[in-house]
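Numbering (full-length UniProt numbering), first residue to last: 3 to 277. Glycine included, C-beta positions come from ideal geometry on N, C-alpha and C. Note that the structure is a prediction, hence the values are computed from the model and not measured.
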Ligand code: NAD
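Following this line, the structure appears as structure tokens:
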């Protein structure tokens, strides 16, 4: 499968789909999942310092035989490392673990109060130094982005947020579009919960595709980048096999209607992690 790309604000091409690797902790399993993904056409991997698998991500990329320039690597600065100097240091550690010369996309993982603006300013510096190709953020509401805009010279080009049919984020998507910020959906399948939705199942049987494929196609037709996670080889393949069919406007509208503003993860206005 050839995965289409979205052109970001600075002209960099980001694949519309990548492999999410959160909770891939078993070394062999992680290497195998990423290798398989790269073999069948994935060209983007979404990791984070928090996931403790940056070393495996780098190793699988090097072992793939694919040119580095053809692969889009995202990583993120964890909450405990935020602030200007801290972020620069955290980036160095991530780069070393990845064993790469540069990162494609570097994100503030969550908007830590009192720190996220400085964190972004450090990301902006990494961009100016060409150590990253795209500066971005994650879990930012519009009001967080406004604070970043007020201090930034280069605007964030990607915002990675929880987004799936039960949390369709229509307003935030419109806001990001207005500011030329591409949206990436994390937990694009609602961590599996949305796969059991009746409307989605109905549409899946109408088009002869799986529930996961219908949801991922819905994201794509909404111009949203996705990073579904799976270590199961058949699912890794199933998830990118969505570029050979189309949902009708009516089917898209029916999926839009299942929105419940219901999160599977934390709200960026109220998050606390015990680790
Ligand atoms: P997801 O929506 O990708 O769901 C993953 C779950 O769905 C897994 O349990 C998997 O077994 C199952 N699944 C995957 N493909 C399937 C298929 N075809 N059929 C049936 N089941 C399938 O949720 P996620 O893992 O939470 O999110 C994906 C990625 O997003 C993560 O790996 C990570 O990279 C990123 N993420 C980022 C943040 C953030 O704060 N920025 C937070 C959470 C996740």
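- Beta bridge pairing from DSSP links residue 19 with 228.
- Beta-bridge annotation (DSSP): residue 272 is paired with 269.
- In the DSSP annotation of this structure, the continuous segment of the alpha helix (DSSP H) that includes residue 253 starts and ends at 251-258.
- Here the stretch 65-84 makes contact with the stretch 30-46; the two share three or more CB pairs at distances below 8 angstroms.
- Judged by DSSP secondary structure, residue 39 falls outside any beta strand (DSSP E) and instead within the alpha helix (DSSP H) spanning 29-42.
- Residue burial is scored here from C-beta neighbours: residue 187 has at least 16 other C-beta atoms within 10 angstroms and is therefore classed as buried.
- The beta carbons of residue 214 and residue 240 sit about 6 angstroms from each other, so the pair counts as a contact at 8 angstroms.
- Contact between the stretch 250-263 and the stretch 44-56 is absent: fewer than 3 CB-CB pairs across the two stretches fall below 8 angstroms.
- Within 6 angstroms of the C-beta of residue 193 there is at least one heavy atom belonging to the ligand NAD.
- The residues 15, in chain order, have a CB closer than 7 angstroms to that of residue 9 in the same chain once the five nearest residues on each side in sequence are set aside.
- Rounded to whole angstroms, the Cβ separation of residue 169 and residue 272 is 15 angstroms, and the two are not in contact under 8 angstroms.
- Per DSSP, reduced to three states, the secondary structure at residue 277 is coil, with no helix or strand assignment.
- Here residue 82 is exposed. Its C-beta has fewer than 16 other C-beta atoms within 10 Å.
- The beta carbons of residue 58 and residue 29 sit closer together than 7 angstroms.
- Beta-bridge annotation (DSSP): residue 77 is paired with 108.
- Between residue 76 and residue 33, the C-beta gap is not smaller than 7 angstroms, which leaves the two residues out of contact.
- Judged by pairs of C-beta atoms under 8 angstroms, the stretch 188-198 touches the stretch 209-223, as three or more such pairs exist.
- Residue burial is scored here from C-beta neighbours: residue 164 has at least 16 other C-beta atoms within 10 angstroms and is therefore classed as buried.
- Judged by the Cβ position, residue 87 fails to qualify as a neighbour of the ligand NAD at the 6 angstroms threshold, every heavy atom of the ligand being at least this far.
- By the CB criterion at 7 angstroms, residue 119 and residue 137 fall outside the cutoff.
- For residue 154, there is no enclosing alpha helix (DSSP H), as DSSP marks it with neither H nor E.
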